[in-house]
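Student: I have a structure I would like to understand better, so I am pasting it below and will then ask my questions one at a time.
2 protein chains.
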Amino acid sequence: MLRRAIRLLAATLLVLPAASAQSVDTAQYLPVARSLLGAGMRTMNAYALLRELVDVAPHRLSGSDGQRKASDLTAMMMTRLGFTGVRQEKVMVPHWVRGKTEEAVVAGPTPYRLNICALGGSVATPGEGITAGVVEVHSFEELRSLGPRAKGNIVFFNRPMDPTRVVTFEAYGGAVDQRSRGAVESARAGGVAALVRSMTLRLDRVPHTGAMGYNDSLPKVPAAAVSSVDADSLSALLSRTPGLKIHMTLDCRTLPDAPSANVLGEITGTEKPDEIVVVSGHLDCWDKGQGANDDGSGCVQAIEALRLLKSAGLQPKRTIRAVMFTNEENGSRGGRDYPVEPARQHEHQVAVLESDRGSFAPRGFTVEGDAAIVQKARRWSPLFALFGAAEFTAGSGGTDISPTIKTGVPGFGLDVENQRYFDYHHSDNDTIETVNPRELELGAIAEALLCYLISEEGL
Amino acid sequence: MLRRAIRLLAATLLVLPAASAQSVDTAQYLPVARSLLGAGMRTMNAYALLRELVDVAPHRLSGSDGQRKASDLTAMMMTRLGFTGVRQEKVMVPHWVRGKTEEAVVAGPTPYRLNICALGGSVATPGEGITAGVVEVHSFEELRSLGPRAKGNIVFFNRPMDPTRVVTFEAYGGAVDQRSRGAVESARAGGVAALVRSMTLRLDRVPHTGAMGYNDSLPKVPAAAVSSVDADSLSALLSRTPGLKIHMTLDCRTLPDAPSANVLGEITGTEKPDEIVVVSGHLDCWDKGQGANDDGSGCVQAIEALRLLKSAGLQPKRTIRAVMFTNEENGSRGGRDYPVEPARQHEHQVAVLESDRGSFAPRGFTVEGDAAIVQKARRWSPLFALFGAAEFTAGSGGTDISPTIKTGVPGFGLDVENQRYFDYHHSDNDTIETVNPRELELGAIAEALLCYLISEEGL
Chain A
1 MLRRAIRLLA ATLLVLPAAS AQSVDTAQYL PVARSLLGAG MRTMNAYALL
51 RELVDVAPHR LSGSDGQRKA SDLTAMMMTR LGFTGVRQEK VMVPHWVRGK
101 TEEAVVAGPT PYRLNICALG GSVATPGEGI TAGVVEVHSF EELRSLGPRA
151 KGNIVFFNRP MDPTRVVTFE AYGGAVDQRS RGAVESARAG GVAALVRSMT
201 LRLDRVPHTG AMGYNDSLPK VPAAAVSSVD ADSLSALLSR TPGLKIHMTL
251 DCRTLPDAPS ANVLGEITGT EKPDEIVVVS GHLDCWDKGQ GANDDGSGCV
301 QAIEALRLLK SAGLQPKRTI RAVMFTNEEN GSRGGRDYPV EPARQHEHQV
351 AVLESDRGSF APRGFTVEGD AAIVQKARRW SPLFALFGAA EFTAGSGGTD
401 ISPTIKTGVP GFGLDVENQR YFDYHHSDND TIETVNPREL ELGAIAEALL
451 CYLISEEGL
Chain Y
1 MLRRAIRLLA ATLLVLPAAS AQSVDTAQYL PVARSLLGAG MRTMNAYALL
51 RELVDVAPHR LSGSDGQRKA SDLTAMMMTR LGFTGVRQEK VMVPHWVRGK
101 TEEAVVAGPT PYRLNICALG GSVATPGEGI TAGVVEVHSF EELRSLGPRA
151 KGNIVFFNRP MDPTRVVTFE AYGGAVDQRS RGAVESARAG GVAALVRSMT
201 LRLDRVPHTG AMGYNDSLPK VPAAAVSSVD ADSLSALLSR TPGLKIHMTL
251 DCRTLPDAPS ANVLGEITGT EKPDEIVVVS GHLDCWDKGQ GANDDGSGCV
301 QAIEALRLLK SAGLQPKRTI RAVMFTNEEN GSRGGRDYPV EPARQHEHQV
351 AVLESDRGSF APRGFTVEGD AAIVQKARRW SPLFALFGAA EFTAGSGGTD
401 ISPTIKTGVP GFGLDVENQR YFDYHHSDND TIETVNPREL ELGAIAEALL
451 CYLISEEGL
């Protein structure tokens with residue numbers, strides 16, 4: 001490993017001449033980096049934590065029993081590991097509940113059942129369901145161009161994620177308006193429901209849920225995701241079946257806001273205990289699959305990062321805090337409340353890290369802050385080359401840490417190999433069997449090292 | 001995509017000041033890179049080819065019917081796609097056949113059946129099997145230190161791959177001597193068989209086969225791989241069971257050498273048709289799983305690379321040749337014969353590329369050649385950043401292209417995210433369901449672009 005480390009260091013420094021002035025800084029942390037790497041890869045403990053999390057609480061949607069179990073479990077994990085300041089900071093969260101019935105059947109002599117699931121936040125259909133025609137569109141513009149023809153119909157939004165986008169998050173960003181605003185635009189056009197092609201780059205029969213919203217000045221119509229295979233089938237059926245009708249039934253509902261919490265645990269800083277480096281994920285997830293990648297991974301990596309630092313016998317100057325945020329999926333209340341929680345008044349947040357892009361092999365970090373922060377972080381890049389994670393690029397930190405970043409705190413998002421992420425995202429596919437223990441652990445190790453470097457060196 | 005491309009270009013050029021003189025060269029190929037990317041990601045054709053290959057010929061060990069079917073199929077694929085010069089260059093290959101019986105049972109009141117498989121090239125046990133005691137060792141040195149205690153026993157080599165090696169190929173390199181030379185060292189110590197812990201970083205019950213050799217001056221003893229879980233169980237049993245015996249039966253055998261072939265297909269160069277850029281994989285694979293990652297992927301990526309260039313309407317100056325090598329797994333005869341085949345006398349090999357590290361997301365290329373070649377290739381790095389594959393590092397090209405590289409031809413190995421590779425390698429786990437169509441296609445696109453750049457610009 002040493003030979004490789006030296007080769008990587010040499011190679012990286014070769015192309016980073018500006019970093020040479022800091023190379024002494026960087027080199028002194030090489031033993032720490034190697035120690036964290038060895039301790040992580042020998043134990044693969046992040047995977048064991050994830051196994052425990054998804055076994056105890058596979059479904060962790062805000063306000064659910066599963067979420068409460070997950071909060072208690074992760075607090076217990078951190079206590080068990082000897083973290084300090086383990087606590088739950090109360091956050092009130094939306095409480096939406098999926099119904100028992102989620103059906104969409106193409107009527108006809110041989111009815112065809114589409115695989116659908118309600119979008120998070122959707123209202124129910126009337127008890128007897130909705131029977132209506134279908135108009136297929138690929139954009140809100142196309143929907144508007146239909147004029148009154150959408151009236152009384154189910155609006156079927158069927159624009160796929162762009163497969164030519166190599167960064168799958170960009171492909172998601174280019175399609176997700178259909179999910180988040182489809183019900184609003186359907187209602188605006190006089191539609192009676194929205195049926196949205198699942199946000200995935202894979203062709204399969206699994207529907208992918210996710211957040212959606214309403215506009216209080218428009219009728220609230222029910223909205224569901226349909227699997228990519230069924231979206232293609234429905235499109236083909238529509239093209240050859242004039243007057244095709246769908247019977248759709250959903251019995252989901254929204255309950256009053258419920259108590260939830262951000263869960264915190266720490267290694268207290270030896271010199272500047274009130275200066276905080278946060279490493280985080282979000283503990284809530286959709287009620288499909290097990291939220292193993294979104295974002296069980298990020299939570300267990302945060303806990304594992306602190307465990308690795310403790311097991312290496314490191315005593316950071318600043319406090320390093322693991323945070324399991326609540327309610328990322330349908331409200332972001334945990335992230336919103338964190339920086340304004342009264343306890344924050346006595347603290348200085350030095351940096352916030354989040355892992356919320358799945359359990360895959362790390363490639364580096366996106367950095368959200370001014371250019372000097374990016375440059376400063378890049379000094380450390382040769383150390384991260386040990387883990388194959390040397391890329392520090394300007395980019396978004398993460399949803400939960402965004403409100404804190406907006407207060408002027410630099411943010412870092414663990415960047416990972418992302419081709420498979422939307423195969424699983426928000427669906428029954430997101431289970432622990434898709435997680436590779438080594439890839440998951442490497443992310444935790446990279447986070448541990450970055451937290452430690454920031455703790456010791458500042459930003 | 002353009003915005004990202006520009007950002008990546010800018011970022012890469014920023015850290016590669018030496019490349020600025022060549023940035024004009026590089027920029028002119030950006031439309032080609034984007035065209036290949038679009039054509040590949042929209043069709044995902046490499047996956048369709050792989051599906052066809054593993055359906056027609058899941059087992060393709062040298063000398064087998066499956067291998068012949070695979071040669072004919074890939075020749076047919078290339079003819080179907082309009083490649084020129086499609087042909088099979090004859091190569092004689094070893095012909096080893098796994099038997100119907102592969103058993104190793106720990107004797108005792110409640111017999112425990114270990115999951116094993118013969119190593120490729122092993123002799124059979126006597127028909128009634130071998131019953132013998134077991135000595136566990138972790139190195140050849142430890143075996144030698146046992147002196148006569150190994151005599152008459154089965155030698156159990158149980159040193160795991162080092163989990164702390166981030167580059168899994170290095171972990172493999174540090175353990176595979178047990179598989180390749182275990183039978184020889186067992187025989188040298190007076191042992192009656194070799195049982196080798198599977199070369200994998202995963203704990204499961206699937207044995208991983210692979211090549212092994214004999215020394216003609218020593219007895220040939222049978223050799224088998226045992227799954228990692230069973231290796232741990234056997235080790236635990238040994239520690240508490242004095243005199244433990246195993247009954248082991250294998251009925252594999254080696255037949256006379258058989259005819260096989262390297263399969264070739266081309267896009268003929270418009271200006272320098274006798275100057276050849278090779279892009280390759282190996283078509284043979286072990287008789288376990290489907291060889292989807294090792295190395296069906298590399299073969300279909302080579303075909304897909306040429307298809308992409310044709311579909312983009314590109315007419316390369318030099319000839320670009322796809323080669324499916326034969327017999328990488330147990331003899332490397334295809335790679336050995338390629339540079340000395342009479343047809344090569346009228347050709348100049350400009351560069352040889354190989355993909356043989358699995359179907360995973362590409363990160364760049366290893367470059368085997370003098371330092372000037374590495375520097376020259378790095379000029380193009382910003383283009384490959386489009387595919388997340390911008391890393392050009394000095395390193396081995398690949399087993400099949402190694403004999404050609406030794407004649408002075410620069411070699412390039414597709415480098416990929418490799419954490420999962422040995423989970424599947426040489427075992428029943430290596431099936432198409434482990435392959436992500438996008439990751440596979442990105443590798444083919446990166447290869448297509450590199451072939452084209454070398455064709456147009458030389459090296």
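Protein sequences, first through last, are from chains A and Y. Mapping to the numbering used here: the first sequence position 324 is 324, numbers consecutive. Mapping to the numbering used here: the second sequence position 424 is 424, numbers consecutive. From the three backbone atoms N, C-alpha and C, an ideal C-beta is built for every residue, glycine too.
On the three-pair Cβ rule with 8 Å, is the stretch 237-249 of chain A touching the stretch 298-306 of chain A?
Tutor: Because the criterion of three Cβ pairs below 8 Å is not met, the stretch 237-249 of chain A and the stretch 298-306 of chain A do not touch.
Student: Run through DSSP, which three-state label would K90 of chain Y get?
Tutor: What you label residue 90 of chain Y is simply residue 90 of the second sequence in a count that begins at 1. Strand.
Student: Less than 8 Å separating the beta-carbons of E368 of chain Y and T319 of chain Y?
Tutor: In the second sequence, the residue the question calls residue 368 of chain Y occupies position 368. In the second sequence, the residue the question calls residue 319 of chain Y occupies position 319. Not in contact: E368 of chain Y and T319 of chain Y (Cβ atoms no closer than 8 Å).
Student: Measuring from the CB of P109 of chain A, is there a heavy atom of the ligand ADP at a distance below 7 Å?
Tutor: What this structure holds is no ligand at all, so the ligand ADP is not there to describe.
Student: Mind checking if F169 of chain A is an interface residue toward chain Y, Cβ cutoff 8 Å exclusive?
Tutor: Mapped onto the first sequence, residue 169 of chain A falls at position 169. So, not an interface residue.
Student: Alpha carbon to alpha carbon, how far is E128 of chain A from G174 of chain A?
Tutor: Locating residue 128 of chain A in the first sequence gives position 128, counting from the first residue. Locating residue 174 of chain A in the first sequence gives position 174, counting from the first residue. Those two C-alpha atoms are separated by around 35 Å.
Student: From A236 of chain A to L49 of chain Y, what distance separates their C-alpha atoms?
Tutor: Residue numbering aside, residue 236 of chain A sits at position 236 when the first sequence is read from its first letter. Residue numbering aside, residue 49 of chain Y sits at position 49 when the second sequence is read from its first letter. Cα to Cα, A236 of chain A sits roughly 25 Å from L49 of chain Y.
Student: So which residues on chain Y does V166 of chain A lean against when the C-beta distance must stay under 9 Å?
Tutor: As a first step, residue 166 of chain A is located in the first sequence; it is residue number 166 there, counting from the start. Per Cβ cutoff of 9 Å: M1, R4, L37, M41, L386, F387, G388, R438 and L442.
Student: Determine, for Q375 of chain A, whether the minimum Cβ-Cβ distance to residues of chain Y falls below 8 Å.
Tutor: One-based indexing of the first sequence puts residue 375 of chain A at position 375. Answer no: the Cβ-Cβ gap between Q375 of chain A and chain Y never drops below 8 Å.
Student: Return the CA-CA distance between D176 of chain Y and A211 of chain Y, expressed in angstroms with no decimal places.
Tutor: Counting from 1 along the second sequence, the entry for residue 176 of chain Y is found at position 176. Counting from 1 along the second sequence, the entry for residue 211 of chain Y is found at position 211. Inspection of the sequence shows that residue 176 of chain Y is occupied by Val rather than by Asp. So the alpha carbons of these two residues sit roughly 10 Å apart.
Student: Can you tell me whether D65 of chain A is buried or exposed? The criterion is at least 16 other CB atoms within 10 Å of its CB, across all chains shown.
Tutor: As a working note, residue 65 of chain A is residue 65 in the first sequence. By the 10 Å Cβ count, D65 of chain A comes out exposed.
Student: Determine whether the Cβ of E417 of chain A lies closer than 8 Å to any Cβ atom of chain Y.
Tutor: Translated into positions along the first sequence, residue 417 of chain A becomes position 417. By this cut-off, E417 of chain A is an interface position.
Student: Out of Y:P273, Y:S455 and Y:S186, state which residue places its alpha-carbon closest to the alpha-carbon of L309 of chain Y.
Tutor: Within the second sequence, residue 309 of chain Y is the residue found at index 309, counting from 1. Among Y:P273, Y:S455 and Y:S186, the Cα nearest to that of L309 of chain Y is on Y:S455.
Student: Under the three-state reduction of DSSP, which class applies to L14 of chain Y: helix, strand or coil?
Tutor: One-based indexing of the second sequence puts residue 14 of chain Y at position 14. For L14 of chain Y, the predicted structure reports a pLDDT of 40, less than 50, and the residue's modelled location is therefore unreliable. The matter cannot be settled from this model.
Student: So, is the C-beta of P362 of chain A closer than 8 Å to a C-beta in chain Y?
Tutor: In the first sequence, residue 362 of chain A corresponds to position 362, counting from 1. It does not: the Cβ of P362 of chain A has no partner Cβ on chain Y nearer than 8 Å.
Student: Quick check: the stretch 74-94 of chain Y against the stretch 258-268 of chain Y, are at least 3 beta-carbon pairs closer than 8 Å?
Tutor: They touch, by the three-pair rule.
Student: Can you give me the start and stop residues for the alpha helix (DSSP H) that I303 of chain A sits inside?
Tutor: The count along the first sequence starts at 1 and reaches residue 303 of chain A at position 303. From DSSP, the alpha helix (DSSP H) with I303 of chain A extends over S297 to S311.
Student: Scan the stretch 184-209 of chain Y for residues whose Cβ lies nearer than 9 Å to a Cβ of chain A and list them as they occur along the chain.
Tutor: Taking 9 Å as the Cβ-Cβ cut-off against chain A, the residues of the stretch 184-209 of chain Y that qualify are L201 and R202.
Student: Provide the residue span of the alpha helix (DSSP H) that contains N262 of chain Y, from first to last.
Tutor: For this step, residue 262 of chain Y is matched to residue 262 along the second sequence. Premise fails: N262 of chain Y lies in the beta strand (DSSP E), R253 to I267, not in any alpha helix (DSSP H).
Student: Where does K376 of chain Y land, buried or exposed, given buried means 16+ other C-beta within 10 angstroms?
Tutor: Translated into positions along the second sequence, residue 376 of chain Y becomes position 376. Counting Cβ neighbours within 10 Å, K376 of chain Y comes out buried, since at least 16 surround it.
Student: I need the straight-line Cα distance from A124 of chain A to T79 of chain A, nearest angstrom please.
Tutor: The count along the first sequence starts at 1 and reaches residue 124 of chain A at position 124. The count along the first sequence starts at 1 and reaches residue 79 of chain A at position 79. Cα-Cα distance, rounded: 41 Å.
Student: Anyone know if the C-beta pair for R51 of chain A and I373 of chain A falls short of 8 Å?
Tutor: The residue you call residue 51 of chain A lines up with position 51 of the first sequence. The residue you call residue 373 of chain A lines up with position 373 of the first sequence. Against a cut-off of 8 Å, the Cβ pair of I373 of chain A and R51 of chain A comes out as no contact.
Student: So the candidates are Y:N418, Y:R379 and Y:L314; which of them puts its Cα closest to the Cα of V32 of chain Y?
Tutor: As a first step, residue 32 of chain Y must be located in the second sequence, where it is residue number 32. With distances taken between Cα atoms, V32 of chain Y lies closest to Y:L314.
Student: Less than 8 Å between the CB atoms is what I'm expecting for L450 of chain Y and F412 of chain Y, so what's the real figure, rounded?
Tutor: Residue numbering aside, residue 450 of chain Y sits at position 450 when the second sequence is read from its first letter. Residue numbering aside, residue 412 of chain Y sits at position 412 when the second sequence is read from its first letter. That pair is a contact at about 6 Å.
Student: I'd like to check one pair, L353 of chain A with S280 of chain A: are the Cβ atoms closer than 8 Å?
Tutor: In the first sequence, the residue the question calls residue 280 of chain A occupies position 280. In the first sequence, the residue the question calls residue 353 of chain A occupies position 353. Cβ atoms of S280 of chain A and L353 of chain A: closer than 8 Å.
Student: Check this for me: beta carbons of V226 of chain A and L195 of chain A, under 8 Å apart or not?
Tutor: Start at 1 with the first residue of the first sequence, and residue 226 of chain A comes out as number 226. Start at 1 with the first residue of the first sequence, and residue 195 of chain A comes out as number 195. Yes, these two residues count as a Cβ contact at 8 Å.
Student: Please return the same chain residues whose Cβ sits closer than 7 Å to the Cβ of A444 of chain A, not counting the five positions on each side in sequence.
Tutor: Position 444 of the first sequence, counting from 1, holds the residue named residue 444 of chain A. Only G40, A46, Q301, E304, A305 and L308 meet the Cβ criterion.
Student: So, at 8 Å on beta carbons, what are the nonlocal neighbours of T404 of chain Y in its own chain, with the 5 sequence-adjacent residues on each side left out?
Tutor: Here residue 404 of chain Y corresponds to residue number 404 of the second sequence, with the count starting at 1. Within the same chain, T404 of chain Y has close Cβ partners V278, G335, Y338, P339, Q349, V352 and G411.
Student: Using a beta-carbon distance below 8 Å, is L420 of chain A in contact with chain Y?
Tutor: As a working mapping, residue 420 of chain A is identified with position 420 in the first sequence. Before going further, note that residue 420 of chain A is Arg rather than Leu in the sequence given. So yes, R420 of chain A belongs to the interface.
Student: Can you check whether the CB of A292 of chain Y is closer than 8 Å to the CB of D430 of chain Y?
Tutor: As a working mapping, residue 430 of chain Y is identified with position 430 in the second sequence. As a working mapping, residue 292 of chain Y is identified with position 292 in the second sequence. Yes.
Student: Which stretch, first to last residue, makes up the alpha helix (DSSP H) that contains M212 of chain A?
Tutor: Counting from 1 along the first sequence, the entry for residue 212 of chain A is found at position 212. Careful: M212 of chain A lies outside any alpha helix (DSSP H) and carries neither H nor E.
Student: Between the alpha carbons of L440 of chain A and S359 of chain A, how many angstroms are there, rounded?
Tutor: Stepping through the first sequence from its first residue, residue 440 of chain A is reached at position 440. Stepping through the first sequence from its first residue, residue 359 of chain A is reached at position 359. Distance between the alpha carbons of L440 of chain A and S359 of chain A: 5 Å.
Student: Determine the DSSP secondary structure at E439 of chain Y, reduced to helix, strand or coil.
Tutor: Here residue 439 of chain Y is taken as the residue at index 439 of the second sequence, counted from 1. Three-state result, E439 of chain Y: helix.
Student: Would you call E102 of chain Y buried or exposed, if buried means 16 or more other Cβ atoms sit within 10 Å of its Cβ?
Tutor: Here residue 102 of chain Y refers to the residue found at position 102 of the second sequence. Buried, because 16 or more other Cβ atoms sit within 10 Å of the Cβ of E102 of chain Y.
Student: Leaving out five residues on either side along the sequence, give the residues of the same chain with a beta carbon under 6 Å from the beta carbon of P437 of chain Y.
Tutor: As a working note, residue 437 of chain Y is residue 437 in the second sequence. The residues are M44 and Y47.
Student: What does DSSP give as the partner residues of W497 of chain A in its beta bridges?
Tutor: Look at the range of chain A in this structure, 1 to 459, and you will see that residue 497 of chain A is not part of it.
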